[in-house]
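Colleague: In the UniProt record's numbering, the protein residues as written are 1 to 539. C-beta: ideal position from N, C-alpha, C; glycine also. Note that the structure is predicted; figures quoted are calculated from it, not measured.
1) Specify whether the stretch 278 to 294 and the stretch 412 to 423 touch according to this definition: at least 3 beta carbon pairs, one from each stretch, less than 8 Å apart.
2) Which value, in whole angstroms, describes the spacing of the CA atoms of residue 520 and residue 302?
3) Evaluate contact between the stretch 510 to 520 and the stretch 466 to 478, counting only Cβ atoms and requiring at least three cross-stretch pairs below 8 Å.
4) My assumption, with CB atoms under 8 Å, is that residue 376 sits in contact with residue 408. Please give the rounded CB distance.
5) Which same chain residues end up closer than 6 Å to residue 319 when comparing Cβ atoms and leaving out the 5 residues on each side of it in sequence?
6) For residue 458 versus residue 438, is the C-beta distance shorter than 9 Å?
7) Name the residue from 484, 494, 185 and 384 whose alpha carbon lies nearest to the alpha carbon of residue 504.
8) May I have the straight-line CA-CA distance separating residue 28 from residue 164, to the nearest angstrom?
9) For a test of the three-state rule: what should DSSP assign to residue 422, helix, strand or coil?
10) How should residue 172 be labelled, buried or exposed, when 16 other C-beta atoms within 10 angstroms of its C-beta is the threshold for buried?
11) Scan the stretch 201 to 228 and note each continuous alpha helix (DSSP H) run of 4 residues or more that stays entirely inside, going in chain order.
12) For residue 388, report the span of its beta strand (DSSP E) as first-last.
13) Indicate whether residue 131 and residue 102 have their beta-carbon atoms separated by less than 9 Å.
14) Which residue's Cα is closest to the Cα of residue 557: 311, 122, 351 and 350?
15) Taking residue 151 as the reference, give the member of 179, 515 and 486 with the closest Cα.
16) According to DSSP, residue 626 sits in a beta bridge with which residue or residues?
17) Three or more C-beta pairs under 8 Å: does that hold for the stretch 486 to 502 against the stretch 179 to 188?
18) What runs of the alpha helix (DSSP H), each 4 residues or longer, lie entirely inside the stretch 103 to 170?
19) Which whole-angstrom value describes the C-beta separation of residue 219 and residue 518, a residue pair presumed to lie in contact below a C-beta threshold of 8 Å?
20) What are the boundary residues of the beta strand (DSSP E) that residue 455 is part of?
21) Mind checking whether residue 277 and residue 341 have CB atoms under 9 Å apart?
22) Assign residue 528 to buried or exposed, taking buried as 16 or more other Cβ atoms, counted over all protein chains shown, within 10 Å of its Cβ.
23) Mapping the DSSP letters down to three states, classify residue 527 as helix, strand or coil.
24) Helix, strand or coil: which one does DSSP assign to residue 184?
25) Check the DSSP bridge columns for residue 358 and list the partner residues they point to.
26) May I ask which residues mark the beginning and end of the alpha helix (DSSP H) holding residue 487?
27) Looking at the structure shown, is residue 64 part of a helix, part of a strand, or coil, going by DSSP?
28) In this structure, does DSSP put residue 254 in helix, strand or coil?
29) Between residue 350 and the rest of its own chain, which residues show a CB-CB distance below 8 Å, the 5 nearest in sequence each way excluded?
30) Using the DSSP secondary-structure output, state which residues sit across from residue 510 in a beta bridge.
31) Going by the CB atoms, is the gap between residue 358 and residue 309 shorter than 9 Å?
32) What's the C-alpha gap between residue 124 and residue 435?
33) What did DSSP end up calling residue 417 once you bin it into helix, strand or coil?
34) Applying the criterion that 16 or more other CB atoms from any shown protein chain within 10 Å of the CB defines a buried residue, is residue 224 buried or exposed?
35) On a CA-only basis, which of 112, 449, 300 and 266 is nearest residue 374? Give me that one, please.
36) Taking all protein chains shown into account, do 16 or more other C-beta atoms lie within 10 angstroms of the C-beta of residue 154, making it buried, or fewer, making it exposed?
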């Protein structure tokens, strides 16, 4: 079989090598695939069908973690005594016959792909159907969305980094230079959607929009590789890049969670006043499947929290121990970030920190202080300036909402959840008797003219309300038209890329999908009204 295109490109691009005249041949009867689906700094190709084939490896940087996969813990060691209730769905293991049987009798504990306390029965037919629908949709996403994303991103970088007029000739003659996926010039898909890297010079630290703007840009930048982030933070923003983190997930046994930490001034100076922790959002098929999953774990005294988000943050197979022995090569996001914040804040007595993120990253940002409180980290929480999330999905139930509101907003408002127009991700998992997920705190909602309202919940809270069908379609038409005129209307920095215009066109078929892009969340912090001091009554 031929060498898998995606794997070959990933190997060649790491070193910036030129394309040879002929593709390298794989051993007879062997197909190769990428064994690291996350940007973990190492690429290994492993055999698919042959039993004994040497792996082809590109050596990683010294700081890159290895990709060895551990064996999963025995079933009886999972969740023991840590949670009062839990429902953990695994779409990859969902056999059709089990799902059909579950629809009939509700005995969810007998479904191979579901972990839940022994003897659990789901009486509600609606909830049974929702569980099956979630598993099937996740299975579809994982099956069809995974293969081509990495290759497509590389191709987009190839087109932008080479001379387009000579591209075909360079390809034929083997003179084409391939982009290095770890270089500062390599862009994520989001960098092609929103091309801006500069902060708005008109927004000063004294401006009420400043923290929201910094967080929106940091959330967008979190999708990039470490070198691109470092270059942007230091070279364009004139701030201190502290660390890029690439963290292990105990259940998938993969590096699933990335992000970075920065500050307004050098940490070693002792004069830093603001530290920003930005969690990366939905970045591949696994992350997208997490957004439509409604598995949960119920922490005693806290509430039910989305299982996928807790796993991504660093939950262990035995729950949330306060302290763990953590390998340097396999850090867990929560424990690593907590340790770094302790070190940074100890050196900088005036500093406070913000947690932020877009999409899945926003979910991690708001769960982070909840687990800090669960562990009694009151000193760290006293130094928390706020949580700023953009396009964040629902993360838990009403009990969690009460716990988080008491933690974040009881005296001074510290939780700011931004929602742009018809963004579909902010409306999942659904808020009803079946799904039982709900937002908490207040929502800063922006319409398609970037006018803001401070609300308890965004309009059309579950997206499919038929009363909003025509308004959503009208919004999609207006946003497509706006994409061609906004550069003339608001200024050149707001000119939308061709990729963004294509997304706007897709929004005609699925209104609300392009609304989730960082483009509009960046715009609301620059153009949005009602962006004054968040602690004033009219915010």
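Modeller: Considering the structure as presented:
1) no
2) 33 Å
3) yes
4) Wrong, their Cβ atoms sit about 16 Å apart, outside the cutoff.
5) 82
6) no
7) 484
8) Confidence at residue 28 is low in this model, with a pLDDT of 39, below 50, so the placement of that residue should be treated as unreliable; the coordinate-derived value is given next. So the alpha carbons of these two residues sit roughly 36 Å apart.
9) coil
10) exposed
11) 210 to 221
12) 384 to 390
13) yes
14) Outside the displayed range of the chain (1 to 539) lies residue 557, so it cannot be described from this structure.
15) 179
16) Nothing about residue 626 can be reported from this structure: the residues present for the chain run from 1 to 539 only.
17) no
18) 125 to 144 and 149 to 161
19) 7 Å
20) 452 to 455
21) yes
22) buried
23) helix
24) coil
25) 390
26) 469 to 490
27) With a pLDDT of 44 at residue 64, under the threshold of 50, the predicted position of this residue should be treated as unreliable, and no value is reported.
28) strand
29) 271, 272 and 273
30) According to DSSP, residue 510 bridges with nothing at all.
31) no
32) 11 Å
33) strand
34) buried
35) 300
36) buried
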